[in-house]
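Chemist:
Protein chains in written order, with my numbering: chain Y, 77 to 191; chain A, 91 to 202.
#1: Are the beta-carbon atoms belonging to residue 97 of chain Y and residue 186 of chain Y less than 8 Å from one another?
#2: In angstroms with no decimal places, state the Cα-to-Cα distance between residue 134 of chain Y and residue 175 of chain A.
#3: Could you list which residues in chain A have their beta carbon closer than 7 Å to that of residue 183 of chain Y, in chain order?
#4: What does the Cβ neighbour count give for residue 86 of chain Y, buried or exposed, with the cut at 16 atoms within 10 Å?
#5: So the candidates are Y/109, Y/101, Y/88 and Y/160; which of them puts its Cα closest to the Cα of residue 187 of chain A?
#6: At a cut-off of 7 Å, would you count residue 150 of chain Y as near the ligand MG, judging by its Cβ distance to the nearest heavy atom?
#7: Out of Y/140, Y/168, Y/164 and Y/157, which has the shortest C-alpha to C-alpha gap to residue 151 of chain Y?
#8: Which residues in the same chain have their Cβ closer than 7 Å to the Cβ of residue 94 of chain A, if we skip the five residues on either side of it in sequence?
#9: How would you list, in chain order, the residues of chain Y whose beta-carbon sits under 9 Å from the beta-carbon of residue 122 of chain A?
#10: Between Y/100, Y/159, Y/174 and Y/170, which lies nearest to residue 89 of chain Y when the distance is taken from Cα to Cα?
Below, the structure written as C-alpha cells:
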C-alpha cells in the first residue's frame, strides 16, 4: 500500500519568505509526527498529532513554526519568515497510534534550502 | 536529560565482516529502544526494536539487545553485505513521551 508522502521534495526559498510543507500519512494512521534533520545533526522532534487531541508542540523551535492537521489526515507544516538556519530536511512520520511504541513510518522528506 | 550517543562514522567494512555499531542512551525512565536505517535515496525505516530490558530485537540478520545495566543497545551483524550500506540511527522513546529521540546516525559502507 501507499506509504507516507511529502511534498514538495525540494524547496528553495529566500530568507524572510513563508513556506508550507505537506504530509500525507498512511491511511488509517491516527498519529502523525514532524521531525527535522539538519546537516551533521540527528533527527529533531518538532510536533506530534494524535487523533483529535491537542498536538504536542514541545519541539517547535520558535513561534515562526506552526502545523495543522486537517480532518485527522493531511498535515501542513508552516515556517514563517524563514531564516538560513531553517535549512534542513523535514521528515513526516505516521503510526497506527494505538500504542506509543507503534512503528513510525517515515516519508521521504522535504529538503528546504533558505538562501 | 534524554540523549542518545552512537558510534561516530563513517564505518567502512569489507563484505562478510562483523559489524558493531555502539549506542548508549540516557533516559529518566525505562524507554523503548529502536534502530532505524536509511538506505541511499530512501526514507527512514524501522530495522528493529526492543521495548523492555533484556529483550533482543532482530531483523535481516541484525540484532540488538536492550541492556539496562549498561544503558546500551548496540547493533550487530555477523556478516555484512554490500546492500547493508546505509545510515543507521539509534533512537529511544522515553516513558510517557510521544516522540522518538534520535542519535546523529552512523554511515556504514560495505565494499566488495
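Glycine residues also receive a C-beta, built at the ideal position from the N, C-alpha and C atoms.
A quick note: this is a predicted structure, and the numbers were derived from the prediction, not measured.
Modeler: Let's see:
#1: The count along the first chain starts at 1 and reaches residue 97 of chain Y at position 21. The count along the first chain starts at 1 and reaches residue 186 of chain Y at position 110. Yes, the Cβ-Cβ distance between residue 97 of chain Y and residue 186 of chain Y is below 8 Å.
#2: By 1-based counting over the first chain, the position of residue 134 of chain Y is 58. By 1-based counting over the second chain, the position of residue 175 of chain A is 85. One C-alpha to the other measures close to 34 Å.
#3: As a position in the first chain, residue 183 of chain Y is number 107, starting the count at 1. Going along chain A in sequence order, the residues near residue 183 of chain Y (Cβ under 7 Å) are 133.
#4: The count along the first chain starts at 1 and reaches residue 86 of chain Y at position 10. Of the residues assessed, residue 86 of chain Y falls on the exposed side of the cut-off, its CB having fewer than 16 other CB atoms within 10 angstroms.
#5: Along the second chain, one-based indexing puts residue 187 of chain A at 97. Considering only alpha carbons, the answer is Y/109.
#6: The ligand content of the structure shown is nil, which means the ligand MG is not present either.
#7: Locating residue 151 of chain Y in the first chain gives position 75, counting from the first residue. Taking each of Y/140, Y/168, Y/164 and Y/157 in turn and checking the Cα distance to residue 151 of chain Y, the smallest one comes out for Y/168.
#8: Here residue 94 of chain A refers to the residue found at position 4 of the second chain. Listed in chain order, the non-local C-beta contacts of residue 94 of chain A below 7 Å within the same chain comprise 113, 115, 180, 181, 182, 191, 192 and 193, local neighbours out to five positions each way being set aside.
#9: To locate residue 122 of chain A, count along the second chain from 1; it is residue 32. Contact note: residue 122 of chain A reaches chain Y through 176 and 177, using a C-beta cutoff of 9 Å and chain order.
#10: For this step, residue 89 of chain Y is matched to residue 13 along the first chain. Nearest in C-alpha terms to residue 89 of chain Y, of all of Y/100, Y/159, Y/174 and Y/170, is Y/159.
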